[in-house]
């Protein structure tokens, strides 16, 4: 039985998901990102095995055929996937693994790993979401409207997630996310696997009770 | 749909359950104890409706016949019960309710209210449990052995509880318990009922997106 948990975090763009997930990995012990496989070429400074596992299309297709991915997708002509074996290995080591993926990827993961814990990050209101995306200033109106169009569809999926964190104030949202991760560590399965041995909770040969 | 959650907390005697539950109610907002009904006469200083609802045996039996209790039991000739309607009323107000009850009572509650969240408090080891009970000094050896006998049976039930808190160091155990209660408040059902309205997460008539 796995000793860690897989956390799947989704959100519409502009909700602050990536920032929140990074805070979680930086500020809590024993939780790590999953390193994705991709066919996209490395950008300057990116390290193979740390930022991504950079693989050829042929290799990626082989892994898809082997059902090696918990989820995969094609984005702008490149493939991205989450390798099941690598996630399972970390869980078995007692690490929590965090997957920062969209609602489609989350659906694939839930099918293959029903024990995954799903968290949705919501903006506090539609108005705030619009403002955040427009203030980024790096995209034209059409592209922002496309993101908002997607956001509208994605937000409808919130009811399929176990937990929901409203990111109004960043630090507050981070504390909620942290609370969710830490509470899962108190689930009975995890406590009995990691923290206390039921055999230590029976009278031993030298106990007063049996004297 | 209820806006609060019912937390059922069980433990063998000596695990520190009552202390931990009191800390929770004193230090967290919006969580209250359920006030039990009992046929036991009030002790000096006990207030009807605050410490217990003091009722006659006839009244208690009427309530049992009406299926008004989430759980009830007879202890040392007196009846004790948890009134379902009173618990539901508090949950509907958005309050969390905490029930400090034994494993038998917890089983009854889970049957009637499957959404209840169950937490087991464990001592760190059998040896510590023995020491704690013996150091109390208020009971003779036979009575302590009877408690330990019960503890052994109760501890076997831990695997039926959602969460487990090991009470080694009291403050640490309290923080874990608090984390569990707060994380449940981030469950999607609760966030959508109490914190954010999905209709506020769609573009309104004045939104830029629709312009």
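Chains as they are written, first to last, in the numbering used here: chain A, 1 to 211; chain B, 1001 to 1211. Every residue, glycine too, gets a C-beta built ideally from N, C-alpha and C.
Your pair residue 1129 (chain B) and residue 1151 (chain B) checks out as a contact, with CB atoms roughly 6 Å apart and the cut at 8 Å. Given a length threshold of 4 residues, each whole run of the alpha helix (DSSP H) inside the region 76-153 of chain A is given here in chain order: 84-92, 103-112, 126-136. With a threshold of 8 Å between beta carbons, residue 204 (chain A) makes contact with chain B. The C-beta separation of residue 1155 (chain B) from residue 1122 (chain B) comes to about 7 Å, placing the pair in contact by the 8 Å criterion.
Of the candidates B:1031, B:1080, B:1119, B:1071, the residue whose Cα lies closest to the Cα of residue 1052 (chain B) is B:1080.
The shortest CA-to-CA distance from residue 124 (chain A) to any of B:1018, B:1030, B:1196 is the one to B:1196. Where residue 1180 (chain B) is concerned, the enclosing alpha helix (DSSP H) starts and stops at 1170-1184. Residue contact check for residue 72 (chain A) against chain B: no CB pair falls below 8 Å. With contact defined as three or more Cβ pairs closer than 8 Å, the region 4-19 of chain A and the region 163-179 of chain A are in contact. In the DSSP annotation of this structure, the continuous segment of the alpha helix (DSSP H) that includes residue 24 (chain A) starts and ends at 17-27. For residue 164 (chain A), the enclosing beta strand (DSSP E) starts and ends at 163-166. Taking a Cβ-Cβ cut-off of 9 Å, residue 68 (chain A) has no neighbours in chain B, whose nearest Cβ is about 31 Å from it. Taken through DSSP and simplified to helix, strand or coil, residue 55 (chain A) comes out as coil. Residue 1074 (chain B) sits in a strand when the DSSP states are folded into three classes. The three-state secondary structure of residue 38 (chain A), taken from DSSP, is strand. Within the region 1017-1036 of chain B, no residue has a Cβ lying closer than 7 Å to any Cβ of chain A. Taking 8 Å as the threshold, the shortest C-beta distance from residue 135 (chain A) to chain B does not fall below it. Following the DSSP letters along the chain, one finds residue 1032 (chain B) inside the beta strand (DSSP E) bounded by residues 1031-1033. Straight through space, the alpha carbons of residue 90 (chain A) and residue 194 (chain A) are spaced by roughly 14 Å. Taking C-beta atoms as the reference points, residue 1109 (chain B) and residue 1009 (chain B) fail to come closer than 8 Å.
Residues of the same chain with a CB within less than 8 Å of the CB of residue 1162 (chain B), apart from the 5 flanking positions on each side, are 1117, 1118, 1119 in chain order. Take the alpha-carbon of residue 58 (chain A) and the one of residue 83 (chain A): they are about 16 Å apart.
Within the same chain, and ignoring the five residues on either side of residue 106 (chain A) in sequence, the residues whose Cβ sits closer than 7 Å to its Cβ are 8, 10, 118. For residue 207 (chain A), DSSP assigns no beta-bridge partner whatsoever. Sorting B:1191, B:1111, B:1159 by C-alpha distance to the C-alpha of residue 1067 (chain B) places B:1111 at the top.
For residue 124 (chain A), the nearest beta carbon of chain B is closer than 8 Å to its own beta carbon. Pairing residue 1050 (chain B) with residue 1201 (chain B), the inter-Cα distance amounts to about 42 Å. Residue 9 (chain A) sits in a strand when the DSSP states are folded into three classes. With respect to chain A, the C-beta atom of residue 1008 (chain B) has no partner C-beta closer than 8 Å. Where residue 193 (chain A) is concerned, the enclosing alpha helix (DSSP H) starts and stops at 188-194.
Not a single C-beta of chain B is nearer than 8 Å to the C-beta of residue 82 (chain A).
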